[in-house]
Structures are given as structure tokens and as C-alpha cells.
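In order, the protein sequence lines correspond to chains Z and R.
Counting in numbering that gives the first Met the number 0, the final residue of the first sequence is number 320, and the numbers go up one at a time with none missing.
Counting in numbering that gives the first Met the number 0, the final residue of the second sequence is number 363, and the numbers go up one at a time with none missing.
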Amino acid sequence: MDLMVLVQVLDSTMRLATPLLFACLAGLISERAGVFDIGLEGKMLAAAFMAAAISYVSGNVWIGVVAAVGVSVAMALIHGLASITFRGNQLISGVAINFLAAGITVVIAQNWFRQGGRTPSLSGDARMARIDLPFANALRDVPVIGPIYHGILSGHALLVYVALLCVPLTWYMLFRTRFGLRLRAVGENPAAVDTAGVSVVALRCGAVAICGVLCGLAGAYLSTGLSAGFVKDMTAGRGFIALAAMIFAKWRPWHALGAVFLFGLLEAVANRFQNIDIFGFNLPVQAMQALPYILTVVILAGFVGRAIPPRAGGAAYVKEH
Amino acid sequence: MSRGRIPHWADVTLVPLTSVVLAFIISGILIWAIGESPWGALKLMVEGAFGSSYGWGYTLYYATNFIFTGLAVAVAFQARLFNIGGEGQALVGGLGVALVCLYIPWPHWSLALIAASLGAAVFGAGWALIPGYLQARRGSHIVITTIMFNFIAASLLGYVLVNVLRQQGSQDPSSPRFPSDTALPKLHEILGVFGIPFSTVPPVNISLLIAVAMCFAVWFMLWRTRLGYQIRAFGESEPAAEYAGISPVRITIYVMLISGGLAGLMAVNSVMGEQQRLVLNAVEGAGFIGIAVALMGRNHPLGVFLAAVLFGFLYQGGAELALWTGIPRELIVVIQALVILFTGALDNMVRIPIARLFALRGAR
Chain Z
0 MDLMVLVQVL
10 DSTMRLATPL
20 LFACLAGLIS
30 ERAGVFDIGL
40 EGKMLAAAFM
50 AAAISYVSGN
60 VWIGVVAAVG
70 VSVAMALIHG
80 LASITFRGNQ
90 LISGVAINFL
100 AAGITVVIAQ
110 NWFRQGGRTP
120 SLSGDARMAR
130 IDLPFANALR
140 DVPVIGPIYH
150 GILSGHALLV
160 YVALLCVPLT
170 WYMLFRTRFG
180 LRLRAVGENP
190 AAVDTAGVSV
200 VALRCGAVAI
210 CGVLCGLAGA
220 YLSTGLSAGF
230 VKDMTAGRGF
240 IALAAMIFAK
250 WRPWHALGAV
260 FLFGLLEAVA
270 NRFQNIDIFG
280 FNLPVQAMQA
290 LPYILTVVIL
300 AGFVGRAIPP
310 RAGGAAYVKE
320 H
Chain R
0 MSRGRIPHWA
10 DVTLVPLTSV
20 VLAFIISGIL
30 IWAIGESPWG
40 ALKLMVEGAF
50 GSSYGWGYTL
60 YYATNFIFTG
70 LAVAVAFQAR
80 LFNIGGEGQA
90 LVGGLGVALV
100 CLYIPWPHWS
110 LALIAASLGA
120 AVFGAGWALI
130 PGYLQARRGS
140 HIVITTIMFN
150 FIAASLLGYV
160 LVNVLRQQGS
170 QDPSSPRFPS
180 DTALPKLHEI
190 LGVFGIPFST
200 VPPVNISLLI
210 AVAMCFAVWF
220 MLWRTRLGYQ
230 IRAFGESEPA
240 AEYAGISPVR
250 ITIYVMLISG
260 GLAGLMAVNS
270 VMGEQQRLVL
280 NAVEGAGFIG
290 IAVALMGRNH
300 PLGVFLAAVL
310 FGFLYQGGAE
320 LALWTGIPRE
330 LIVVIQALVI
340 LFTGALDNMV
350 RIPIARLFAL
360 RGAR
């Protein structure tokens with residue numbers, strides 16, 4: 000593997016990790032507040048469709064992004080309604096959201112564009128433009144720094160950098176603000192938060208809404224940045240990979256960055272090479288695809304450090320208890 | 000709102016029926032919004048699914064799949080274990096069926112059926128055993144592990160079909176056709192013995208009878224055996240069950256074995272009964288529909304049977320819709336989602352008004 004290939008793989012790692020990073024942080028914030036969300040996949044999928052459809056119709060990708068965030072937040076609020084207001088089962092609600100998105104995107108896409116559940120290809124302003132970082136071209140031929148800066152870091156859509164920025168923002172929000180403190184508290188011990196006179200419902204709804212915004216950005220990037228248009232089921236399990244990354248990161252923002260880069264790298268390598276030879280042992284592409292899931296199971300089983308979710312996660316808060 | 004406010008009969012009939020009606024109303028609005036007639040669509044679906052023995056045949060074929068996966072989810076639910084791994088367990092079950100049918104020469108379909116059922120159940124149960132073990136022994140969350148195992152199963156099957164079972168020279172990632180001696184008798188052949196005419200086209204086969212038998216077996220196991228009692232007690236209250244000397248580890252593992260085995264059995268119907276070979280997407284989402292079926296059927300085998308027939312109708316009716324109108328098949332995924340949402344997650348939203356109605360009537 001020469002340097003050129005390495006740069007290409009890392010460059011596509013950046014791109015593939017971006018939707019995972021958004022979704023992973025989305026799940027992290029929701030679960031820190033005590034609301035399990037296995038509907039990341041569905042929200043991302045609905046947002047991906049909305050972004051592509053509205054970008055195509057309006058000709059402006061940013062209108063599409065706003066619409067994507069809107070639909071994703073709406074779905075997040077359905078999840079909130081079910082799991083916070085009506086104290087329903089959070090996991091079942093998440094499953095329902097996933098199916099709702101899988102079905103409704105195809106039904107509407109087919110009706111709207113008549114292309115078998117996909118949107119027309121996006122071009123021009125309907126796609127996310129690539130941004131060259133300052134001095135990228137000037138530094139291009141400098142050894143070491145050149146390939147890293149020009150080849151890997153520069154030349155991505157704006158949302159890639161937004162996603163990276165979301166990591167310190169999430170960290171700051173969670174660990175350095177009053178809102179973050181309360182949000183974490185509501186995921187560990189909602190009764191204490193309630194006793195302190197802070198609304199558990201409002202906090203959890205806030206967290207779920209933020210989760211919706213981030214999933215919306217993930218989906219929008221997927222259909223207008225990473226590819227040029229929506230196709231049926233295009234999230235292809237990324238919501239679950241993000242969930243896996245979240246567990247891998249043990250619900251911590253900076254670790255999440257590491258985890259999504261690992262999973263993005265695995266995906267990039269699996270895309271680039273069909274079969275990998277490791278010391279004469281042939282590793283099939285399917286093994287690479289399954290690796291994130293296997294790693295998650297291993298982590299969950301506690302074989303590589305314990306992954307302990309927020310204590311009050313998964314349960315609705317009932318005041319009378 | 001406490002559960003006791005509603006009579007039991009209303010809890011098992013009125014609440015799920017209201018949820019289904021709500022799901023249908025919202026789907027109707029969706030159909031109307033995309034410019035088709037909801038009434039016409041419903042008529043087309045009912046005629047397509049129940050209007051002929053051809054339609055019935057497909058409806059019952061799909062229902063057979065959903066009975067197996069619905070029972071799988073329901074049994075786990077009885078122990079408060081949310082097994083979303085039905086899809087993966089059925090995929091691996093299909094591998095069991097394929098290995099039995101391909102590598103052992105069978106003189107007669109009946110022997111092949113018994114062996115393939117065993118293969119399917121053992122493979123499905125084995126695939127469910129790992130998440131079950133991890134939940135029981137290491138405390139990893141069964142929902143997340145079963146989801147992960149769905150993906151791992153898909154990758155595993157992809158590998159096996161591309162690199163191991165694929166026929167020489169074929170590009171198609173699928174196993175060779177099973178020998179014709181393993182073909183299961185179809186429903187028209189069975190009914191033909193009694194002189195009842197039935198369409199020869201649909202793939203509905205003898206697995207339907209196995210599915211019905213499984214409904215009975217699961218009912219018997221849950222309500223007439225010591226293990227069933229332990230499972231239900233464990234589901235009601237884990238600490239109480241433990242205090243009564245029921246081992247959580249043992250129950251979790253048993254339940255997941257039974258659940259996985261039932262999900263795996265689904266492959267007998269689809270892989271052996273219909274395709275007669277193993278293909279990449281042999282399960283076609285039936286593992287997930289099992290969740291909706293179990294929720295609607297209130298985790299009771301009879302309810303699962305009825306809900307499975309309803310979803311069989313939706314599947315077959317949905318196919319007719321896609322054939323004759325501009326409404327894609329995915330509409331049934333929307334209906335499925337709404338059923339899961341209303342019966343599973345928004346249960347209280349449906350139940351509280353019904354409970355109020357009963358409270359009003361009681362006060363009068």
C-alpha cells in the first residue's frame with residue numbers, strides 16, 4: 000500500500016465518518032438524558048430523503064438541509080411523545096421510527112419523482128460544495144504536511160467540519176454547562192432532578208430534540224454531501240453503527256470521535272479492497288463489514304472494558320415513584 | 000393509569016383493534032395525500048388477498064412466516080426480553096435448512112422436513128444463544144446485541160453464499176437448488192386429498208400446519224408447563240422470580256433458545272417451501288414483522304396467529320396494490336410501523352381514553 004492509496008483511504012474515512020459522528024453524538028446526548036434511541040437510523044433516513052428531495056426541487060442544498068433537520072426533529076418528537084409523555088417502551092418506539100422512515104421515504108419518493116423510490120441526481124447548488132481550507136493548494140507539495148492537509152483534511156463539504164466542531168461543543172455542553180449537568184443528571188437519577196425543581200420532561204424533550212437536529216444533519220450530509228441524491232434504504236445500517244460507536248465510546252464525546260473514525264476507516268478499507276491478505280490469511284470483505292458489529296458485541300460483553308450506560312436509561316420517569 | 004381499570008377482554012381486543020384502526024386511518028390519509036383513493040386501495044387489497052384461492056394462498060404463505068417470527072418475539076416478550084434478532088436467527092436458520100437439504104440425500108420429503116426443521120431450529124437457537132448468554136452472564140443489553148447479530152448474520156450469509164455454497168460458474172450469490180425429493184407438499188395437494196380445489200400457484204405449503212401446531216405448542220408450554228410458569232413469572236417480576244428460586248440465567252438462556260428456534264423454523268417455509276434454494280435475502284423482513292405481530296397479538300399464541308394472518312393480508316394486498324396502482328409495496332412497512340408505534344410505544348395513548356370510557360360507564 001503506497002502513500003497515495005493511504006491518503007485516499009483516509010480521505011474517504013473523513014467523509015464516511017461524518018454521518019456516523021453526527022448520529023453518534025445524537026444518540027449520546029439522548030442516552031445521556033436517559034432516553035434510549037435506536038431510531039437514529041430512521042431519523043437519518045427520513046432526513047436524507049428530505050434533504051435530497053427539497054434540494055432538488057429548490058435547487059439550493061441549504062434549504063434541503065433545513066428541511067432535513069425539520070423532518071428529523073419531528074420524528075424525534077414522536078419518539079419523545081411516545082417514550083416521555085406516554086411512558087411507552089423506548090426501544091419499541093425506536094423500532095417503529097425506523098420502519099416508518101423506511102416505508103414512508105419510498106412511498107413519497109415514488110409518488111414525487113417516479114424513479115423507483117429514489118430522487119433524481121443532484122448537481123450544482125443542490126449538492127454540498129467542497130471547501131478548500133486556506134493554503135491547501137500552497138501546501139500541496141510539502142512532504143508529510145501536504146498530503147495530510149491537502150489530501151485528507153481539506154476539500155470536504157462544510158458539514159464535515161461542522162461535525163468535527165460538534166465534538167468539543169457536545170463535550171462543553173455536557174460537562175461545562177448547567178444544562179449539560181442537568182441533562183446528565185436526568186439520565187442517572189431523574190428523581191433527584193425532579194426534587195431540585197427542574198422539569199424532567201422538558202430536559203428529556205430538549206435532549207431528544209438536539210438528537211433530532213444532529214440526525215437531520217447526518218442524513219442531509221449522506222444524501223447531498225457523500226452522495227448525490229437519495230436511494231432507498233441508503234443509510235444501510237449507519238444508525239446502528241453510530242449506536243455501536245456510542246457504546247464503544249462509552250457515552251463520551253471525544254471517544255466517540257475516535258470510535259467513528261475507526262468505523263469509518265473499516266468502511267473505507269472495505270470499500271477500497273475486496274479481500275485483504277493479512278500474513279497469507281485471506282480476510283473476506285464480509286468480515287470487514289461485520290467487524291464494527293462484532294467489536295460492539297465484544298465491548299458490550301465487557302471483554303474489553305466495561306460499557307456502562309446511563310443508569311436511568313430506557314425507563315420512563317414516573318413522578319409518583 | 001393502572002391496568003386494572005380495563006376488563007381483560009377489552010385489553011386483549013379493544014386496545015389492539017383501536018391501534019390497528021388508527022394505523023389504517025393514518026395510512027389512508029397517506030394514500031389520499033399521494034393522490035390515490037384510500038377506499039379503492041382497501042378494496043383492491045381485500046380482493047387481492049381474500050378474493051380467490053390464489054390470494055388466500057399467498058396470504059397464508061406470508062402468514063406462516065409471520066406466525067413463526069411472531070411467536071419467537073412473543074415468547075421472549077413473555078420473559079420481558081426484547082428479541083429483535085428474529086431476522087438474523089431466521090437467516091441462520093435458513094443456512095441450517097440448506098445444509099440439511101444439500102448435503103444429505105433424502106428419500107422422501109417427510110424425512111427431509113423433520114431434519115430440516117431440526118436444522119433450522121438448532122441453527123436459529125444457536126444464533127440466539129450468544130446474545131442470550133451475554134445478557135444472562137455478562138449483562139450486555141439484549142436489544143443491542145440482537146441488532147448487531149442481525150448484521151453479523153447478514154455478513155455471514157453473504158460470505159457463505161458467495162464463497163462456499165455458490166454454484167460453480169454462477170454469478171448469483173445463492174446456493175444450488177435443493178434436490179426435488181425435498182420439495183414440500185403444497186396446500187393444494189393437501190386439500191386435493193379431500194377433494195377441495197385450491198390454486199396451485201401460491202407457495203403455501205405444509206409448514207402452515209407446523210406453524211399452527213407451534214402456536215398450540217407455545218401456548219401449552221407457556222400456560223401448562225413448569226417452564227412456562229417460570230418464564231411468565233420472570234417476565235412479571237425478575238426479583239420476585241429470583242426470590243422464588245427461578246434462576247434468571249437459566250430462564251434467559253432457555254427463552255432465547257426457544258425464541259431463536261422458532262425464528263429459525265421460519266426458514267422451513269420460505270427456504271424449503273418456496274425458494275427451494277438459499278438466497279441472500281431469504282427472510283425478506285419477516286423477522287421484523289414478527290415484532291408488530293407479537294405486539295398486536297398481545298404475546299399470546301392465538302393473538303399471534305390472528306395478527307399474522309392480518310399481516311399476511313397486508314403483505315399480499317400490498318403486492319396487489321403495487322401491481323395495479325402507483326402505491327409502492329413499502330406502504331405495508333408504513334402500516335407495520337404505525338401498528339408497532341400504536342400498540343407498542345403509544346400503548347398508553349390508546350389505553351387511557353379506553354380506560355376513561357370504561358370508568359365513565361362504571362360510574363353511571
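Glycine residues also receive a C-beta, built at the ideal position from the N, C-alpha and C atoms.
As the structure is a prediction and not an experimental result, all values here were calculated from the model.
Give the interface partners of residue i over in chain R, defined as CB-CB distance under 7 Å, in chain order.
i: Leu225/Z; result: Result: empty, since nearest Cβ-Cβ is about 20 Å, beyond 7 Å.
i: Phe174/Z; result: Those do not exist, as Phe174/Z stays about 25 Å from chain R at its closest Cβ, beyond 7 Å.
i: Pro283/Z; result: Tyr158 and Asn162
i: Val192/Z; result: Chain R residues near Val192/Z: none, gap ~22 Å exceeds 7 Å.
i: Gln288/Z; result: Ser154
Quick check: what's the CA-CA separation for residue i versus residue j?
i: Gly3/R; j: Ser54/Z; result: For Gly3/R, the predicted structure reports a pLDDT of 48, less than 50, and the residue's modelled location is therefore unreliable. The matter cannot be settled from this model.
i: Gln7/Z; j: Gly150/Z; result: 7 Å
i: Asn136/Z; j: Leu152/Z; result: 12 Å
i: Ala182/R; j: Pro104/R; result: 13 Å
i: Trp31/R; j: Pro37/R; result: 6 Å
i: Met0/R; j: Gly343/R; result: Confidence is the limiting factor: at Met0/R the pLDDT is only 41, short of 50, which leaves the residue's position unreliable and the question unanswerable from this model.
i: Val34/Z; j: Ile275/Z; result: 39 Å
i: Ala258/Z; j: Pro130/R; result: 22 Å
i: Ile25/R; j: Ile103/Z; result: 12 Å
i: Ala219/Z; j: Gly123/Z; result: 16 Å
i: Tyr253/R; j: Arg136/R; result: 13 Å
i: Ala22/Z; j: Ala52/Z; result: 21 Å
i: Trp8/R; j: Leu43/R; result: 32 Å
i: Met233/Z; j: Ile277/Z; result: 31 Å
i: Ala255/Z; j: Arg181/Z; result: 21 Å
i: Ile151/R; j: Ala281/R; result: 15 Å
i: Ile130/Z; j: Leu261/Z; result: 24 Å
i: Pro327/R; j: Ala243/R; result: 52 Å
i: Tyr228/R; j: Leu277/R; result: 37 Å
i: Ala314/Z; j: Asn88/Z; result: 8 Å
i: Arg126/Z; j: Ala227/Z; result: 7 Å
Cβ closer than 9 Å: which chain R residues qualify as neighbours of residue i?
i: Tyr292/Z; result: Ile146, Met147, Phe148, Asn149, Phe150, Ile151 and Ser154
i: Phe48/Z; result: Neighbours of Phe48/Z on chain R: none; closest Cβ ~12 Å, over 9 Å.
i: Leu299/Z; result: Leu133, Arg137, Gly138, Ser139, His140, Ile143, Thr144 and Met147
i: Leu261/Z; result: The premise fails here: Leu261/Z is roughly 16 Å from chain R at the closest Cβ pair, so nothing lies under 9 Å.
Show which residues of chain Z have a CB atom less than 7 Å away from the CB atom of residue i.
i: Pro327/R; result: Val105, Val106, Gln109 and Gly116
i: Leu330/R; result: Gly102 and Val106
i: Ile290/R; result: Val94
Between residue i and chain C, is there a C-beta pair that is closer than 7 Å?
i: Gly85/R; result: Annotation note: the requested chain C is absent from the structure, which comprises protein chains Z and R.
Show which residues of chain Z have a CB atom less than 8 Å away from the CB atom of residue i.
i: Arg79/R; result: Here the premise fails: no neighbours, minimum Cβ distance about 10 Å.
i: Ile353/R; result: Within chain Z, no residue comes near Ile353/R; the closest Cβ sits about 14 Å away, beyond 8 Å.
message: Along the region 101–115 of chain Z, where does the CB come closer than 9 Å to a CB of chain R? Name the residues.
response: When CB distances to chain R are screened at a threshold of 9 Å, the residues of the region 101–115 of chain Z falling below it are Ala101, Gly102, Ile103, Thr104, Val105, Val106, Ile107, Ala108, Gln109, Asn110, Trp111, Arg113 and Gly115, in chain order.
query: Quick check: the region 89–102 of chain Z against the region 38–53 of chain Z, are there 3 or more CB pairs under 8 Å?
result: The answer is yes - the region 38–53 of chain Z touches the region 89–102 of chain Z, with three or more Cβ pairs under 8 Å.
Within the region 256–308 of chain R, ranges of the alpha helix (DSSP H) (whole runs, at least 4 residues): Those alpha helix (DSSP H) runs which fall completely within the region 256–308 of chain R and span 4+ residues are 285–295.
- prompt: Is the region 114–131 of chain R touching the region 85–95 of chain R, taking contact as three or more C-beta pairs under 8 Å?
  reply: They touch, by the three-pair rule.
field: Inter-stretch contact (C-beta, 8 Å, three-pair minimum) for the region 292–301 of chain Z and the region 234–247 of chain Z
entry: When Cβ pairs closer than 8 Å are counted between the two stretches, the region 292–301 of chain Z is seen to touch the region 234–247 of chain Z, the count reaching three or more.
query: Taking a cut of 7 Å between CB atoms, which residues from the region 184–205 of chain R lie near chain Z?
result: Of all residues in the region 184–205 of chain R, none comes within less than 7 Å of chain Z when Cβ atoms are compared.
- request: Answer yes if the region 141–152 of chain R comes into contact with the region 78–87 of chain R, meaning at least three C-beta pairs across the two stretches below 8 Å, and no otherwise.
  value: In short, these stretches touch, since the Cβ pair count reaches three.
- request: Closer than 9 Å, Cβ to Cβ, to anything on chain Z: give me those residues from the region 333–347 of chain R, in chain order.
  value: Under the 9 Å Cβ criterion, the region 333–347 of chain R contributes Val333, Ile334, Gln335, Ala336, Leu337, Val338, Ile339, Leu340, Phe341, Thr342, Gly343, Ala344, Leu345, Asp346 and Asn347.
- request: Could you list the residues in the region 25–42 of chain Z with a C-beta less than 9 Å from some C-beta on chain R, going in chain order?
  value: Along the region 25–42 of chain Z, going in chain order, the ones with a CB nearer than 9 Å to a CB of chain R are Phe35, Ile37 and Gly41.
field: Secondary structure, beta strand (DSSP E): runs of 3+ residues fully inside the region 36–106 of chain Z
entry: Listed in chain order, the beta strand (DSSP E) runs fully inside the region 36–106 of chain Z amount to none, counting runs of at least 3 residues.
Chain-ordered residues of the region 228–249 of chain Z with a beta carbon less than 9 Å from chain R: Those would be Lys231, Gly236, Phe239, Ile240, Leu242, Ala243 and Ile246, in chain order.
- prompt: What alpha helix (DSSP H) runs, 4 residues minimum, are completely inside the region 76–162 of chain R?
  reply: Segments of the alpha helix (DSSP H) lying fully in the region 76–162 of chain R: 85–102, 108–137 and 141–158.
query: Which of the residues in the region 137–156 of chain Z, read from start to end, lie with their CB under 8 Å from any CB of chain R?
result: Cβ contacts with chain R: none found.
message: Short of 7 Å Cβ to Cβ, which residues in the region 98–132 of chain R face chain Z?
response: Only those residues of the region 98–132 of chain R whose C-beta falls short of 7 Å from the nearest C-beta of chain Z would be listed, and there are none.
message: Just to confirm the assignment: which complete alpha helix (DSSP H) runs, minimum length 4, are found wholly within the region 304–352 of chain R?
response: Correct list: 330–339.
message: Is it the case that the region 201–220 of chain R contacts the region 59–67 of chain R, given that we only count it when at least three CB pairs across the two stretches are under 8 Å?
response: Segments in contact, yes.
message: Would you call the region 252–270 of chain Z in contact with the region 72–80 of chain Z, where contact means no fewer than 3 C-beta pairs closer than 8 Å?
response: The region 252–270 of chain Z vs the region 72–80 of chain Z: no contact.
- request: Determine, using beta-carbon pairs with one atom in the region 155–171 of chain Z and one in the region 186–202 of chain Z, whether at least three such pairs fall under 8 Å.
  value: Segments in contact, no.
query: Of the residues that make up the region 247–275 of chain R, which ones have a beta carbon closer than 9 Å to any beta carbon in chain Z?
result: Listed in sequence order: no entries.
task: Take every Cβ of the region 57–69 of chain Z, pair it with every Cβ of the region 193–204 of chain Z, and state whether three or more of those distances are shorter than 8 Å.
output: With a cut-off of 8 Å, the region 193–204 of chain Z and the region 57–69 of chain Z do not count as touching, because too few Cβ pairs lie within range.
Cβ-based contacts, 8 Å cut-off: residues of the region 13–43 of chain R near chain Z: Residues passing the 8 Å Cβ filter: Leu29, Ile33 and Gly34.
- prompt: Can you find at least 3 beta carbon pairs, one from the region 266–283 of chain R and one from the region 176–193 of chain R, that sit closer than 8 Å?
  reply: The region 266–283 of chain R is in contact with the region 176–193 of chain R.
message: Closer than 8 Å is the cut-off here; do at least three beta carbon pairs connect the region 314–329 of chain R with the region 101–117 of chain Z?
response: Yes, since at least three Cβ pairs between the region 314–329 of chain R and the region 101–117 of chain Z fall closer than 8 Å, the two stretches touch.
message: Under 9 Å, CB to CB, which of the residues in the region 79–91 of chain Z have a partner in chain R?
response: Residues Leu80, Ala81, Ser82, Thr84, Phe85, Arg86, Gly87, Asn88, Gln89, Leu90 and Ile91.
Contact set between the region 220–232 of chain R and chain Z, restricted to residues whose Cβ is under 8 Å from the partner: Listed in sequence order: no entries.
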